[in-house]
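> For the protein sequence lines, the chains are A and B, in the order given.
With our numbering, letter number 109 in the first sequence gets 136, and the count goes up by one each step, no holes.
With our numbering, letter number 750 in the second sequence gets 777, and the count goes up by one each step, no holes.
Structure in structure tokens, see below.
Protein chains: 2
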Amino acid sequence: MTISHLRFGDKPIRSPYYINKADFVACHNPSYITKGFPIVRDVKPGGVFMINCQWDLAELEHHLDAASKRYIAKNNIQLYTINAIDLAIQVGMGKRTNTILQSAFFTLAKVMPQEDAIAYMKDAATKSYLKKGQDVVDCNHRAIDAGATAFVKIDVPAAWATAEDKPDETVYEGKPEVVKMVKDILVPVDKMDGDSLPVSAFTDYVDGQFELGAAAYEKRGVAVTVPEWDAAKCIQCNNCAYVCPHATIRPFALTEAEVAAAPAAAKIVPVKAGKGKGVYQYTMAVSPLDCMGCGVCVGVCPTKAITMKPQESQLEQQEVFNYCVNKTEEKKDMQDLTVKGSQFKKPLLEFSGSCAGCAETSYARLVTQLFGDRMYISNATGCSSIWGGPGATSPYTVNSEGHGPAWANSLFEDNAEHGLGMHVAQKVIRESLKAKTEKLIEQPQTRPELKEAAQKWLDTYSDGEANKAATKAYIAALMANISLIDETIGFFSSDAAKEMFGADVAAEKLAHAQEVKANGGEFCDCSACSLVKEILDQKEYLSKKSVWIFGGDGWAYDIGFGGVDHVLASNEDVNIFVFDTEVYSNTGGQASKASNIGQVAQFAAAGKETKKKSLAEIAMSYGYIYVAQVAMGANPAQTIKAISEAEAYNGPSLIIGYAPCEMHSIKGGMIHCQEEMKKAVDCGYWNMFRFNPAAEKKFTLDSKEPKGGYQEFLMNEARYSRLTREFPERAGTLFARNEKAAMERYEHLKKLIDLYAD
Amino acid sequence: MTISHLRFGDKPIRSPYYINKADFVACHNPSYITKGFPIVRDVKPGGVFMINCQWDLAELEHHLDAASKRYIAKNNIQLYTINAIDLAIQVGMGKRTNTILQSAFFTLAKVMPQEDAIAYMKDAATKSYLKKGQDVVDCNHRAIDAGATAFVKIDVPAAWATAEDKPDETVYEGKPEVVKMVKDILVPVDKMDGDSLPVSAFTDYVDGQFELGAAAYEKRGVAVTVPEWDAAKCIQCNNCAYVCPHATIRPFALTEAEVAAAPAAAKIVPVKAGKGKGVYQYTMAVSPLDCMGCGVCVGVCPTKAITMKPQESQLEQQEVFNYCVNKTEEKKDMQDLTVKGSQFKKPLLEFSGSCAGCAETSYARLVTQLFGDRMYISNATGCSSIWGGPGATSPYTVNSEGHGPAWANSLFEDNAEHGLGMHVAQKVIRESLKAKTEKLIEQPQTRPELKEAAQKWLDTYSDGEANKAATKAYIAALMANISLIDETIGFFSSDAAKEMFGADVAAEKLAHAQEVKANGGEFCDCSACSLVKEILDQKEYLSKKSVWIFGGDGWAYDIGFGGVDHVLASNEDVNIFVFDTEVYSNTGGQASKASNIGQVAQFAAAGKETKKKSLAEIAMSYGYIYVAQVAMGANPAQTIKAISEAEAYNGPSLIIGYAPCEMHSIKGGMIHCQEEMKKAVDCGYWNMFRFNPAAEKKFTLDSKEPKGGYQEFLMNEARYSRLTREFPERAGTLFARNEKAAMERYEHLKKLIDLYAD
């Protein structure tokens with residue numbers, strides 16, 4: 028949505044500011060009226076408000092919200108409608124309504140004599156469009172003439188002054204804190220009314236912490252077409268879910284009971300092969316209102332089991348999706364570190380505002396599926412901080428136990444350091460908990476069950492997955508040991524306790540705890556109890572965390588590189604994921620050191636001169652850093668392998684993920700995002716490899732020999748091909764150099780196999 | 028020199044400030060009186076001034092300057108002397124006068140009752156020294172008793188009130204601007220009176236530009252012993268000059284006429300071998316008053332032709348040194364890019380304030396000998412910005428034509444970028460001069476001689492040395508071509524013109540130009556003349572510059588690394604020299620990423636955990652960056668070769684020079700600086716290599732296989748050995764890891780030979 032604030036004066040007006048007492052406001056898109064945006068509020072009393080729509084008065088009455096009606100009636104607003112939509116088609120302008128609306132503006136706003144305005148507009152149109160042909164000029168001239176008189180004055184009904192607001196009947200389900208935030212912040216912001224929120228609306232978030240999971244409440248419904256799943260054709264590989272940038276297509280394994288309770292529209296078939304066959308039923312649920320319509324899922328489906336259909340036709344699938352997400356259990360036995368198995372894990376990144384087809388969110392979503400429930404994320408400035416952190420609309424979310432990524436964004440230039448700080452802070456606390464646990468085991472009064480649980484926790488200290496379960500058991504044992512009474516009552520009321528002890532035992536213990544409390548029971552002051560209390564006070568730090576530092580190439584290769592290098596060199600257990608779009612995407616399309624020879628970008632309009640920096644090799648030079656380059660669309664299994672190895676490696680890790688981007692202007696659009704990755708790898712433009720200091724064979728080259736088609740690959744993306752139009756000779760030279768550098772790089776990588784052989 | 032500002036009060040005094048109205052001031056070192064430091068000025072009228080000296084009144088009268096005498100007499104200052112020097116010896120304290128002087132202070136300053144003060148002092152002395160033995164305690168107690176009464180009140184002669192300043196008879200020779208700056212700024216600063224300079228004293232330097240070459244006027248005379256050269260033993264290898272950090276020992280090749288005019292003290296022998304044999308006489312001149320007495324020259328002399336002698340015994344050599352530097356010609360035919368030949372070039376870095384034995388200045392001095400006359404230096408914060416840029420005392424200087432390095436320092440974190448800016452600015456101007464020159468050649472009225480000179484300049488555009496001469500000739504031809512009359516007169520009056528055209532022709536042309544001027548002659552307005560004028564207006568940018576970016580490892584490996592990487596990646600023709608001391612030297616001794624395993628530093632008191640970063644390999648990963656590691660003391664020829672190759676390479680270059688430092692606490696001190704480099708290379712602690720993208724064989728490993736003695740090397744430096752005392756077990760582990768990493772690194776480097784074979 029674009030808002031233009033336009034001021035006129037006899038002298039140049041140099042100070043920019045927003046106008047909220049306008050003589051004239053026009054709303055060019057009727058959907059802004061139906062969405063209830065408070066546009067008319069910026070018209071001053073007696074001013075003009077013009078709505079572009081196809082509505083008559085009755086329809087206008089229906090669509091206009093009560094607050095706007097009251098404002099119009101009480102402030103003597105001169106209301107006009109104009110049907111520029113049909114008019115544009117009539118005069119031959121198709122969907123282009125702007126010229127008509129501009130002309131109407133000049134008539135109604137009266138900033139200059141109408142004849143002058145029309146003459147100026149026609150002159151400008153002639154200058155702008157003559158090179159496209161006289162017919163285009165003529166069209167524009169007709170639009171100008173038509174627009175000057177096409178508006179209709181509406182007699183505002185007196186009743187509007189007392190129009191009454193319709194009660195908001197939306198029911199929001201979920202955690203009360205999230206629902207409150209959605210109602211108080213997200214809904215007004217979505218209505219373009221965020222600026223009018225008082226400071227007091229934010230008192231629950233004064234430290235900058237917002238609730239996770241709010242993006243699920245947005246239901247933007249922006250996709251024209253959304254996937255329709257054909258259960259019969261589907262081979263249940265889950266590739267579609269694996270690549271989905273927005274987590275809007277997800278497989279579910281269902282029990283018979285869950286199948287029975289499913290909405291009627293659900294398409295459910297037996298699990299066809301492998302794990303869960305004969306045990307579970309299978310469905311691929313789609314969220315039409317969250318889907319961005321990129322179609323990437325269609326491209327990766329090996330059996331054409333997905334087709335894009337108009338959103339309206341799929342709306343009943345929303346209920347199915349909501350049911351699967353909210354009312355069914357995750358099936359742990361279906362989950363593993365394969366492409367397929369990973370997709371039975373709940374994505375803890377969903378429905379973000381990234382572009383349709385974005386590769387970044389596909390990578391990030393996958394990481395959250397693997398480690399999101401024990402994950403800290405430090406995010407660099409850039410696209411990932413925008414889709415990752417829009418204040419009250421967090422796309423990061425929690426699992427059924429309430430665990431999800433803790434996310435923060437500091438600065439472009441210190442993100443790696445910021446992430447290291449997150450890691451070091453929790454590490455220091457956790458190490459003190461380790462020391463306390465060791466001491467607790469030594470206390471004679473510590474019960475054997477607790478000693479055992481504590482020892483198990485110590486034994487799995489550095490193993491993320493194993494420590495997760497051990498921590499759960501350890502906390503339970505600590506809670507069982509003590510009479511920290513409210514904590515104990517809380518715990519034995521929880522599902523976790525029921526799972527741990529069985530419902531009966533938990534109920535028994537709960538009853539006992541409640542009795543102790545009634546008698547004024549307290550912690551006893553023995554050394555073991557004190558340690559137990561201290562450990563429980565910091566129990567959120569007990570489990571091994573998975574610290575991730577996210578950012579783009581502008582951050583990792585350029586602005587934040589000093590920090591990336593310093594943090595990697597520190598030999599601490601943090602994981603860096605670079606979304607490599609080879610360009611500053613969010614920041615304005617400038618070339619970064621990840622950009623390649625001949626690539627056109629801001630400040631590199633004649634094509635970049637130097638080759639892409641080898642960030643991976645720089646990190647490899649330390650010897651103790653896990654390093655990988657991945658391209659999900661080229662080799663999904665290698666991607667998940669690299670991510671798993673990086674996380675498991677007890678030291679610093681760097682993964683560089685090739686991320687095609689809107690800015691690359693791939694032919695046919697971002698629907699081809701994942702295929703483009705494959706093409707990039709096949710021709711040798713991008714290389715996949717893994718350097719694992721913990722492995723016997725440190726360096727593994729996962730890319731095969733380039734297959735040719737390099738120049739065709741470049742020409743498939745306008746970030747390169749446009750150079751052939753503007754500087755054809757230079758383009759030839761640079762693209763040849765680009766290919767040569769890529770071929771040399773592959774040869775060089777092959778040599779690294781031997782270099783790192785021992 | 029340390030100044031303690033001490034205040035007493037009934038309540039704690041929290042705001043720190045300097046005292047300049049003191050009740051009591053003591054001068055503990057008589058040399059501060061003979062140097063004329065204005066110490067007494069800070070005593071308030073009626074206050075006490077005490078001088079520690081062995082002087083009687085007559086001697087005191089002799090040494091005290093007139094201004095101090097007048098201040099004492101006019102302000103009723105109570106003057107005391109105390110001979111703590113002899114007293115300390117008598118009571119058994121040797122050179123330690125502080126306890127005596129402290130006791131005298133408490134008696135005279137009367138901040139507390141004398142008995143209390145004595146009791147407190149004795150208590151403190153007992154506590155401090157008892158562990159060293161009762162005799163040390165007794166000595167201190169005797170000193171306290173003695174000091175309390177040892178001072179002598181001086182009856183100030185009334186005549187002091189009208190004491191007259193002796194006229195300053197110092198004669199300063201040289202460029203008038205430098206002499207003015209020396210008199211106005213440097214002399215007061217050197218007298219510890221810089222704070223009293225008015226702002227108006229700096230009006231000539233308001234843009235931060237100071238004259239080069241002022242350090243030569245300091246003549247600090249701080250060395251106790253200085254080198255004495257034995258002409259008979261000397262084989263004229265010039266190694267001593269090559270390593271000298273302060274450029275205070277220099278070889279000269281002299282003509283017979285120069286020999287004849289030399290001071291009597293000069294030791295002159297024939298050139299013994301090679302270039303200049305039979306042509307020139309040879310001397311090795313020493314500057315006793317500039318020498319820091321490090322003795323590094325002694326260590327590298329292969330024939331023991333240098334011995335350290337008391338400074339006083341060598342003072343007559345100062346005249347010889349001054350004569351050779353200022354009154355003899357550089358012999359271009361003796362100069363080349365060898366260790367020996369390079370030392371016949373004038374160092375354009377001399378007499379800096381770096382530590383005695385400093386390796387950094389040895390490297391930097393050598394670079395200025397090779398390229399200083401066309402050099403831009405951007406300097407990072409750190410030691411090199413301190414010894415390199417002390418305001419009005421620049422150690423960078425100029426050659427006989429007035430050319431020397433242009434030096435500036437920006438910030439720790441942006442030095443590389445700052446240097447790139449210097450380069451890009453001059454490159455853009457120079458490219459415009461190139462375009463103008465090409466246009467000038469095309470003009471029909473351009474004279475053939477000018478065309479030829481212009482073409483020569485174009486042909487040598489990218490070759491620093493060749494372009495230097497071509498530029499000189501081009502400027503001469505431009506000047507000869509025009510009637511820009513004052514410039515022309517200036518030029519034909521210059522030595523350069525005489526050299527270029529012969530004295531007769533120059534005189535003829537000068538006369539002609541003066542005649543044109545007398546007749547009101549001007550530039551003609553033809554296209555050629557206009558181009559000539561425009562080119563001459565920017566003639567300082569014509570010659571190819573040699574841009575250097577200097578800094579330490581704290582800058583290059585850590586704080587400025589992001590910029591270092593970015594600038595190197597830019598593929599611009601700049602040269603980076605890293606003085607690698609493996610520690611933040613000037614900044615406070617913190618560990619940097621250049622520090623090594625087990626090295627003790629601030630914030631790494633238990634020895635650094637991670638190995639040294641391979642900055643060189645990181646740079647090599649780009650493929651188009653010249654990279655070298657050097658160690659002057661291990662292989663002086665490799666050092667000069669690397670520096671020459673780096674400068675000649677028409678792209679970015681990085682040289683990392685191993686630089687032993689005071690902070691390493693090498694056994695025996697910095698006299699062993701150069702030998703320590705050799706030991707480091709021999710045992711494999713440091714590796715020398717060169718990576719030249721322009722060479723057929725890109726990677727050359729200049730270090731031989733490690734010879735053993737690795738642990739002995741580490742134990743020779745307290746930065747390592749102290750860990751064995753504090754954490755003996757950990758020290759063993761870390762030092763073994765350090766050695767293992769070094770051996771693996773050497774094996775790795777050997778593999779790079781093949782990796783970069785094609």
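Positions of the beta carbon are idealized from the N, C-alpha and C atoms, including for glycine.
1) So the alpha helix (DSSP H) I670 of chain A belongs to, where does it begin and stop?
2) Relative to the C-alpha of V627 of chain A, which candidate in A:T666, A:T751, A:A664 has its C-alpha closest?
3) Using a Cβ cut-off of 8 Å (strictly closer), state whether D37 of chain B contacts chain A.
4) Applying the 10 Å Cβ sphere with the 16-neighbour rule, what's the burial state of R772 of chain B?
5) Could you tell me the distance, in whole angstroms, from the CA atom of Q738 of chain A to the CA atom of W582 of chain A?
6) Starting from K180 of chain A and walking both ways along the beta strand (DSSP E), at which residues does that stretch end?
7) Within the 8 Å Cβ cut-off, does H445 of chain A reach chain E?
8) With a threshold of 7 Å on Cβ separation, who are the neighbours of S692 of chain B within its own chain once the five nearest residues in sequence on each side are excluded?
9) In chain order, what residues of the same chain lie with their CB nearer than 7 Å to the CB of C382 of chain B, ignoring the 5 residues before and after it?
10) Report yes or no: do the stretch 655–667 of chain B and the stretch 710–726 of chain B share at least 3 C-beta pairs separated by less than 8 Å?
11) If you reduce the DSSP assignment to three classes, tell me which class A332 of chain B lands in.
12) Determine, using beta carbons only, whether K635 of chain A and I645 of chain A come nearer to each other than 8 Å.
13) Can you list, in chain order, the stretches of the alpha helix (DSSP H) that have 4 or more residues and sit fully within the stretch 110–194 of chain B?
14) Using only the heavy atoms of the ligand ADP, determine whether one of them is closer than 7 Å to the beta carbon of Q344 of chain B.
15) As a quick exercise: from B:K640, B:A633, B:Y59, B:Y651, pick the residue whose alpha carbon is nearest that of S641 of chain A.
16) I need the straight-line Cα distance from E343 of chain A to I586 of chain A, nearest angstrom please.
17) Roughly how far, in whole angstroms, is the beta-carbon of P254 of chain B from the beta-carbon of V163 of chain B, given that I think they are within contact range, below 8 Å?
18) Which residue from B:K122, B:C271, B:S557 puts its Cα closest to that of A111 of chain B?
19) If you measure from the beta carbon of I645 of chain A to each beta carbon in chain B, is any gap under 8 Å?
20) Using a 10 Å radius around the Cβ and a threshold of 16 neighbouring Cβ atoms, would you call A185 of chain B buried or exposed?
21) Who are the neighbours of L782 of chain A on chain B, taking C-beta pairs under 7 Å?
22) For a contact defined as C-beta to C-beta under 8 Å, what are the partners of N602 of chain B on chain A?
23) Can you check DSSP and say which residues form a bridge with D363 of chain B?
24) For A592 of chain A, go through chain B and note every residue whose CB falls closer than 7 Å to its CB, in chain order.
25) Should Y488 of chain B and K461 of chain B be called a contact, given that it needs their Cβ atoms to be closer than 8 Å?
26) For chain A, check one thing: does any of its Cβ atoms lie closer than 8 Å to the Cβ of E636 of chain B?
27) Would M28 of chain B be called buried (16 or more neighbouring beta carbons within 10 Å of its own) or exposed?
28) Which parts of the stretch 385–472 of chain A are runs of the beta strand (DSSP E), unbroken and 3 residues or longer, counting only runs that do not cross its ends?
29) Does DSSP put C760 of chain A in a helix, a strand or coil?
30) Is the shortest distance between the beta-carbon of D6 of chain A and the beta-carbons of chain B less than 8 Å?
31) Flag A621 of chain A as yes if its beta-carbon sits less than 8 Å from any beta-carbon of chain B, otherwise no.
32) For A596 of chain B, which residues in chain A fall below 7 Å Cβ to Cβ?
33) For a test of the three-state rule: what should DSSP assign to L375 of chain A, helix, strand or coil?
34) What is the rounded straight-line gap between the Cα of E346 of chain A and the Cα of P290 of chain A?
35) Cα separation between A288 of chain A and A280 of chain A?
36) Measuring alpha carbon to alpha carbon, tell me which residue in A:S227, A:V216, A:Y269, A:C264 is nearest R247 of chain A.
Short version:
1) Position 643 of the first sequence, counted from the start, is the residue given in the question as residue 670 of chain A. 663–675 is the span of the alpha helix (DSSP H), which, as asked, contains I670 of chain A.
2) For this step, residue 627 of chain A is matched to residue 600 along the first sequence. Looking at the Cα atoms, A:T751 is the closest of the given residues.
3) The sequence position of residue 37 of chain B within the second sequence is 10, counting from 1. Chain A contact via Cβ: absent.
4) The residue given as residue 772 of chain B occupies position 745 in the second sequence. Taking every protein chain shown into account, the CB of R772 of chain B has 16 or more other CB atoms within 10 angstroms, so this residue is buried.
5) Your numbering for residue 738 of chain A matches position 711 in the first sequence. Your numbering for residue 582 of chain A matches position 555 in the first sequence. When rounded, the distance between both Cα atoms is 28 Å.
6) Position 153 of the first sequence, counting from 1, holds the residue named residue 180 of chain A. K180 of chain A -> beta strand (DSSP E) spans 179–181.
7) Note that chain E does not occur in the displayed structure, where the protein chains are A and B.
8) The residue given as residue 692 of chain B occupies position 665 in the second sequence. Contacts found: E744, A745, R746.
9) Walking along the second sequence from the start, residue 382 of chain B turns up at place 355. Cβ neighbours of C382 of chain B beyond the five flanking positions: E689, M697.
10) Two segments are said to touch when three or more pairs of C-beta atoms, one from each, lie closer than 8 Å; by this definition the stretch 655–667 of chain B touches the stretch 710–726 of chain B.
11) Locating residue 332 of chain B in the second sequence gives position 305, counting from the first residue. Of the three classes helix, strand and coil, the one that applies to A332 of chain B here is coil, per DSSP.
12) Reading the first sequence from its first residue, position 608 is the one you call residue 635 of chain A. Reading the first sequence from its first residue, position 618 is the one you call residue 645 of chain A. Going by C-beta atoms, K635 of chain A is not nearer than 8 Å to I645 of chain A.
13) Assignment of alpha helix (DSSP H) within the stretch 110–194 of chain B, counting only whole runs of 4 or more residues, yields 111–118, 125–136, 141–156, 161–174 in chain order.
14) By its list of ligands, the structure shown contains no ligand whatsoever, and the ligand ADP lies outside what it can speak to.
15) For the purposes of this step, residue 641 of chain A is taken as the residue at position 614 of the first sequence. Taking the Cα of S641 of chain A as reference, the smallest distance to any Cα among B:K640, B:A633, B:Y59, B:Y651 is reached at B:Y651.
16) Working through the first sequence from its first residue, we reach residue 343 of chain A at position 316. Working through the first sequence from its first residue, we reach residue 586 of chain A at position 559. If I take the Cα positions, the gap works out to 47 Å.
17) Counting from 1 along the second sequence, the entry for residue 254 of chain B is found at position 227. Counting from 1 along the second sequence, the entry for residue 163 of chain B is found at position 136. That belief does not hold up - the Cβ atoms of P254 of chain B and V163 of chain B are roughly 38 Å apart, past 8 Å.
18) Stepping through the second sequence from its first residue, residue 111 of chain B is reached at position 84. Looking at the Cα atoms, B:K122 is the closest of the given residues.
19) The residue given as residue 645 of chain A occupies position 618 in the first sequence. Yes, I645 of chain A lies at the interface with chain B (some Cβ there is under 8 Å from its Cβ).
20) Taking the first residue of the second sequence as position 1, residue 185 of chain B is located at position 158. Exposed is the call here.
21) Counted from its first residue, the first sequence places residue 782 of chain A at position 755. Result: K778, L782.
22) As a first step, residue 602 of chain B must be located in the second sequence, where it is residue number 575. The contacting residues do not exist; N602 of chain B stays about 18 Å from chain A at best.
23) Position 336 of the second sequence, counted from the start, is the residue given in the question as residue 363 of chain B. According to DSSP, which records beta bridges pairwise, D363 of chain B is partnered with nothing at all.
24) Here residue 592 of chain A refers to the residue found at position 565 when the first sequence is read from its first residue. One point to set straight first is that residue 592 of chain A is Asp, not Ala, in the sequence displayed. Around D592 of chain A, the beta-carbon contacts reaching into chain B at under 7 Å are F588.
25) Within the second sequence, the letter at position 461 stands for residue 488 of chain B. Within the second sequence, the letter at position 434 stands for residue 461 of chain B. Cβ distance < 8 Å, so Y488 of chain B and K461 of chain B count as in contact.
26) As a first step, residue 636 of chain B must be located in the second sequence, where it is residue number 609. Yes, because at least one Cβ of chain A sits closer than 8 Å to the Cβ of E636 of chain B.
27) In the second sequence, the residue the question calls residue 28 of chain B occupies position 1. Exposed.
28) DSSP runs (the beta strand (DSSP E)) wholly in the stretch 385–472 of chain A: 402–406, 433–436.
29) Within the first sequence, numbered from 1, the residue matching residue 760 of chain A stands at position 733. Correcting the residue identity first, residue 760 of chain A is Thr in this sequence and not Cys. In this structure, T760 of chain A counts as helix in the three-state DSSP scheme.
30) Residue coverage of chain A in this structure runs from 28 to 785, which leaves residue 6 of chain A outside it and unanswerable.
31) On the first sequence, position 594 is the one that residue 621 of chain A refers to. Answer no: the Cβ-Cβ gap between A621 of chain A and chain B never drops below 8 Å.
32) Within the second sequence, residue 596 of chain B is the residue found at index 569, counting from 1. The answer, in chain order, is K620, T637, K640.
33) Your numbering for residue 375 of chain A matches position 348 in the first sequence. Of the three classes helix, strand and coil, the one that applies to L375 of chain A here is coil, per DSSP.
34) For the purposes of this step, residue 346 of chain A is taken as the residue at position 319 of the first sequence. For the purposes of this step, residue 290 of chain A is taken as the residue at position 263 of the first sequence. If you take the alpha carbons of E346 of chain A and P290 of chain A, they lie about 7 Å apart.
35) Taking the first sequence and counting its residues from 1, the one referred to as residue 288 of chain A is at position 261. Taking the first sequence and counting its residues from 1, the one referred to as residue 280 of chain A is at position 253. The alpha-carbon atoms of A288 of chain A and A280 of chain A are separated by roughly 14 Å.
36) Looking up residue 247 of chain A in the first sequence gives position 220. It is A:V216 whose Cα lies nearest to the Cα of R247 of chain A.
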